Amino acid sequence: MAEKTIGILTGGGDCPGLNAVIRAVVRKGITAYRYRFRGILKGWKGMMECDWEPLGLEEISGILPKGGTILGTSRTNPFKEEDGGEIVVDNMRRMKLDALVAIGGEDTLGVANKLASMSVPIVGVPKTIDNDLNGTDYTFGFDTAVNIVTEAIDRIHTTAESHNRVMVIEVMGRHSGWIALHAGLAGGADMILIPEQKYTIQEIVSTIRKRHERGKDFSIVVVAEGAQLVSEEGEAVEEGTSYETRVTVLGHLQRGGTPTAFDRVLGTRFGIAAIDLVHAGDFGKMVSLQGNEIVAIPLAEAVNQLKLVDQELYDLATVFFG
């Protein structure tokens, strides 16, 4: 039987742990199944342009601790271009691909789901630092981001305390507040604002005032970017409380650098499970973490809605507000 050729791509924002997935897929695919691999460059853009390079054991050597992705990435969505889906299908034939492993978040896997409905042999791997992809308890990259934000909160704490300031820290999370909530809890934030909850500036001011009235002359407020306009928030807090307020936007700092041990292991487990699905011919699925088990769920289930922060977990965090 002829060797099968498998394509692998990374789409959307870069994320710590992507290289761990690539390494695991290629390593097991070559050593256990004797597959050949083609690394599709710059995500779906590479599929649209037939842009690829060979991926072998030499290419994946030493990539485990590296952040980002050795394949590059883009936010190209073929279905936003005329006949994009058909172009991808045609290019799979041109590149002689027997199957495709797509690593990405909601948009990348949304493309994968549409291609699966066109009978493309495809398997998805969930990637987003926001942890808001449905059907999996955690996505790789999230733990690294939370650790980075927690360290930033710890560092900002000393400045807040030394200068008696209110420090507002904006973190990633346009639609969900997983990073803000976990890092805020871990870093001892005095208030956490997330997109899933509604706030008035009066509530925020009241919470900070209450804290200061009991003798604490500094506060840390962690805000997910989707909660409100943080720049206005900082001004409003200073105006409402008369406490000196500073805003820090962590931005892309959160998605860079080397992945944590947790994300390296999770990415590796996802990669192994993904290539096993390919070998079993179980396409149209996404690997996911449920409890401590790696399972396969339909791609359609993964992209049908966002996974938002549990109210119970947020209620737990409010115990420490103020």
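Here the UniProt record's numbering is used: the first residue of the sequence shown is 1, the next is one more, and so on. Backbone N, C-alpha and C fix where the C-beta goes; we use that ideal spot for every residue, glycine too. None of these values were measured; they are calculated from a predicted model.
- Beyond the five residues adjoining it in sequence on each side, K66 comes within less than 8 Å, by CB distance, of N19 and T258 in the same chain, given in chain order.
- Annotation: M92 is outside any beta strand (DSSP E); the continuous alpha helix (DSSP H) that includes it extends over G84 to R94.
- L57 sits exposed, since fewer than 16 C-beta atoms from the chains shown fall within 10 Å of its C-beta.
- When secondary structure is reduced to three states using DSSP, S242 falls in the coil class, being assigned neither helix nor strand.
- Here P126 is buried, its C-beta having at least 16 other C-beta atoms within 10 Å.
- Comparing alpha carbon positions, the residue from S176, Q202 and T73 closest to K42 is T73.
- The beta-carbon distance between N134 and V111, rounded to whole angstroms, is 16 Å. This is too long to meet the 8 Å contact definition.
- Residue state for T248 is assigned as strand, using DSSP reduced to three classes.
- Along the segment 34-93, the beta strand (DSSP E) occurs as fully enclosed runs of 3 or more residues at 36-40 and 52-55, listed in sequence order.
- For V171, the beta-bridge partners assigned by DSSP are A224.
- In the structure shown, Q197 adopts coil according to DSSP, grouped into three states.
- T248 and V303 have their C-alpha atoms some 32 Å from each other.
- Residue pairing of I6 in beta bridges, as defined by DSSP: F37 and A99.
- Taking every protein chain shown into account, the CB of V309 has 16 or more other CB atoms within 10 angstroms, so this residue is buried.
- Between T144 and D51 a beta carbon distance of about 28 Å is seen, past the 8 Å cut, so the two are scored as non-contacting.
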